[in-house]
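Chemist: Below you will find the structure I want to go over with you.
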Amino acid sequence: MARRILIAEDEPSIVLSLEFLLSEAGHEVFTATTGADALKLAQERKPDLIVLDVMLPVVNGFEVCRTLRADPDLRGTRILMLTARGREQEVARGLALGANAYITKPFGTRELMKVVEDLLKGEASDRPGRQ
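Residue numbers for the sequence shown follow this note's numbering, beginning at 4 and rising by one.
Structure follows, in structure tokens:
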């Protein structure tokens, strides 16, 4: 079953790569390059999963995550934080704000797709946690 996935990422090469991988897996993919656009698209399209970069322009990924978790219509949306900021305090902050999983760049495509599919199947914990 095709799921709706929002990619919130401002690096064009990563967007293209993720868009290709997720589309090839049969998902409906849409993209945002700023945190503000990600919030707007999430409210309009109600994605099943958001792949969320931390370092987005306008509104950063941490703030996007916090805002999504505060919205009753979007609080159940799965969030996979994908970022180059892999220090433990940043991982802990993302998870504390409600991310379901956190992958640091560079990442392997198999690893990423496994986490995406687990999140979409509901096999990953409903509680936030690092994958």
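Even for Gly, the Cβ is constructed at its ideal location relative to N, Cα and C.
Assuming Glu-22 is part of the alpha helix (DSSP H), what are its boundary residues?
Modeler: Residue mapping note: residue 22 aligns to position 19 of the sequence shown, counting from 1. Taken as a continuous stretch (DSSP letters only), the alpha helix (DSSP H) holding Glu-22 covers 15-27.
Chemist: For the 8 Å Cβ check, are there 3 or more pairs between the stretch 63-80 and the stretch 104-113?
Modeler: Short answer: they don't touch.
Chemist: Judging by CA-CA distance, which residue of Thr-36, Arg-7, Val-119 and Arg-113 is the nearest neighbour of Val-61?
Modeler: Your numbering for residue 61 matches position 58 in the sequence shown. Out of Thr-36, Arg-7, Val-119 and Arg-113, Thr-36 has the C-alpha closest to the C-alpha of Val-61.
Chemist: To which residues of the same chain is Asp-22 closer than 8 Å at the C-beta, ignoring the five residues directly before and after it?
Modeler: Residue numbering aside, residue 22 sits at position 19 when the sequence shown is read from its first letter. First, the residue type needs correcting, since residue 22 is Glu and not Asp in the sequence shown. The residues are Ile-10, Val-32 and Thr-34.
Chemist: Comparing the C-beta of Ala-73 with each C-beta of chain C, is any distance below 7 Å?
Modeler: Here there is only one protein chain, and chain C is not present.
Chemist: Between which residues of its own chain and Asp-56 is the CB-CB distance below 7 Å, once the five residues before and five after are set aside?
Modeler: Counting from 1 along the sequence shown, the entry for residue 56 is found at position 53. If we look at Asp-56 and ignore the five residues flanking it on each side, its Cβ neighbours are Ala-11, Glu-12, Asp-13, Gly-64, Leu-85 and Thr-86.
Chemist: Could you tell me which residues DSSP puts in a beta bridge with Ala-35?
Modeler: As a working mapping, residue 35 is identified with position 32 in the sequence shown. DSSP lists Ala-11 as partners of Ala-35.
Chemist: Suppose you measure from the CA of Leu-115 to the CA of Leu-52; what does that come to, to the nearest Å?
Modeler: Stepping through the sequence shown from its first residue, residue 115 is reached at position 112. Stepping through the sequence shown from its first residue, residue 52 is reached at position 49. Near 13 Å, if we compare the C-alpha coordinates of Leu-52 and Leu-115.
Chemist: Give me whichever residues DSSP pairs with Arg-81 in a beta bridge.
Modeler: By one-based count along the sequence shown, residue 81 stands at place 78. According to DSSP, which records beta bridges pairwise, Arg-81 is partnered with Leu-52.
Chemist: Whose C-beta lies closer than 7 Å to the C-beta of Thr-70 among residues of the same chain, with five residues either side of it excluded?
Modeler: In the sequence shown, residue 70 corresponds to position 67, counting from 1. Leu-42.
Chemist: Does Ala-73 pass the burial test, meaning 16 or more other C-beta atoms within 10 Å, or should it be called exposed?
Modeler: Taking the sequence shown and counting its residues from 1, the one referred to as residue 73 is at position 70. With fewer than 16 other Cβ atoms within 10 Å, it is exposed.
Chemist: Is Ala-104 helix, strand or coil when you go by DSSP?
Modeler: For the purposes of this step, residue 104 is identified with residue 101 of the sequence shown, where counting begins at 1. Correct three-state label for Ala-104: strand.
Chemist: Identify the residues that DSSP records as bridge partners of Thr-86: which are they?
Modeler: Position 83 of the sequence shown, counted from the start, is the residue given in the question as residue 86. Answer by DSSP bridge pairing, in chain order: Thr-107.
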